[in-house]
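To keep things clear, I will list the structure first and then write my remarks on it.
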Amino acid sequence: MRGEFIGVWSETWREIWLPLIDHEGVPEDIFCELYRELAGNPKKPGSLRVTPSLEVLADIIDNPAQGQAAFEGTTAEELANETALVRFLEAAHPALDDLGGDPLSNRYFNLLAGFIEKFSLRYDLRRPCTLCPTLPGLLTNLVQHMRSASQADAHLAKLNHEFEEALRDLRHGRTESRIKSCLTKQYILIEGIANTRSGTSGETLGQRCSQASWPHPTLKAAAGNIYGFRSDYPGLGHAGNPKAVLRDVDDLELVGVSCMLLGVLPYVDPTIDLNPVYGENTSPGRSGVSAQKAAPAGSPSRSIWKRLGSWAGRFVARG
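Read in numbering that gives the first Met the number 0, the sequence shown has 1 at position 2, and its numbers run on one by one without any break.
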């Protein structure tokens with residue numbers, strides 16, 4: 000689960016749209032209006048990858064049965080992207096208000112809010128109907144980017160596979176050795192991603208961090224210290240300095256250092272595009288995280304990354 004609507008779009012029919020019309024007095028052309036908002040038109044495209052012609056659209060929305068069939072039959076693969084879908088879900092509220100007044104639009108708002116909570120989506124719904132970004136959503140975006148970036152390069156794919164194996168091993172017990180292995184593999188993966196990007200140079204993550212653009216020297220020093228922890232702590236990359244150890248690494252580092260490393264990623268990987276998280280279109284020339292192809296629902300890597308995202312979310316909630 001990436002925390003996106005597009006990943007659970009198929010569930011909206013049962014969870015939102017059917018309960019929405021399960022009341023007396025709902026206009027019979029409700030799905031005609033919803034499909035009009037979803038599809039858009041050639042002058043103002045909606046949320047579909049392929050915008051229907053005016054003739055096709057008119058034929059659909061002039062017939063309530065056809066309108067419902069077209070809306071219900073729209074699959075996630077036919078949707079343009081997450082950002083476009085969010086725009087539709089927001090636009091549906093005033094459209095429903097025009098169609099059935101406050102009772103209908105308010106019922107939709109409550110169903111949408113319940114849907115977000117049930118599927119743990121990365122949005123905060125505010126009145127009148129605005130889907131706002133959340134901090135867990137930002138972390139989810141970074142985790143998804145780290146995963147998707149490794150799919151496009153054979154070397155990174157191998158590093159990612161080794162990291163996933165280290166994460167799986169934690170199921171057998173979160174021992175210090177396994178936690179160290181997991182952190183080491185994540186350091187190496189992020190270092191590998193950084194080394195494939197332009198903008199900075201060097202062979203180590205520390206060198207890349209030192210050349211990245213920082214708004215203040217303290218942040219630059221913090222990033223360097225995160226890399227220094229790997230270099231100086233025994234067993235995280237080198238023999239290290241045992242005299243500097245204050246205690247053994249444990250669950251705090253498993254979550255905390257993982258989140259810190261995710262925080263470094265945007266500075267050493269300029270291809271990250273956070274615009275979709277804020278409901279904006281992907282910037283030209285940048286590889287939008289939300290546009291990346293998701294792994295099959297049952298694949299091992301999906302569950303691994305879901306687990307890391309869950310740990311990160313719990314860490315943020317504790318903060």
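Where is the CB? At the ideal position from N, CA and C, for every residue including glycine.
Beta-bridge pairing by DSSP links Pro18 to no other residue. Taking a cut-off of 8 angstroms on C-beta distances, the stretch 4-22 touches the stretch 71-81, as three or more cross pairs fall below it. Per DSSP, the continuous alpha helix (DSSP H) segment holding Tyr107 begins and ends at Glu81 to Lys117.
When the five nearest sequence neighbours on each side are left out, the beta carbons in the same chain lying within less than 8 angstroms of the beta carbon of Phe87 are those of Glu36, Leu37, Gly45 and Ser46, in order along the chain. In the DSSP annotation of this structure, Asp247 is not part of any beta strand (DSSP E), being labelled neither H nor E. The shortest CA-to-CA distance from Ser147 to any of Asn274, Thr270 and Tyr266 is the one to Thr270. Here the stretch 180-194 lies against the stretch 253-260, with 3 or more beta-carbon pairs under 8 angstroms apart. In this chain, the alpha helix (DSSP H) harbouring Arg207 covers Leu204 to Gln210. Residue state for Asp268 is assigned as coil, using DSSP reduced to three classes. Under DSSP, His237 shares a beta bridge with Pro233. DSSP links Tyr34 through a beta bridge to no other residue. Ala83 sits away from Leu33, with the two beta carbons spaced by 8 angstroms or more. In the structure shown, Cys181 falls within a helical segment according to DSSP collapsed to helix, strand and coil. In the DSSP assignment, Lys43 is bridged to Asn40. Burial check for Leu245: the Cβ neighbour count within 10 Å stays below 16, so the residue is exposed. Under the three-pair Cβ rule at 8 angstroms, the stretch 170-179 does not count as touching the stretch 208-219. Rounded to whole angstroms, the gap between the alpha carbons of Ser197 and Glu116 is 39 angstroms. Under the criterion of beta carbons closer than 8 angstroms, Leu261 and Leu138 qualify as touching, at roughly 6 angstroms. Bounds of the alpha helix (DSSP H) holding Asp58 are Leu53 to Ile60. In the three-state DSSP reduction, Arg173 falls in the coil class, being neither helix nor strand. A residue is called buried when at least 16 other Cβ atoms come within 10 angstroms of its Cβ; Glu202 does not meet this threshold and is exposed. One alpha carbon belongs to Ala64, the other to Asn109, and they sit about 26 angstroms apart.
When C-alpha distances from Arg126 are compared across Phe118, Met145, Val142 and Arg106, the shortest belongs to Arg106.
When rounded, the separation of the alpha-carbon atoms in Leu188 and Gly66 is 48 angstroms. By the CB criterion at 8 angstroms, Gly191 and Leu155 fall inside the cutoff.
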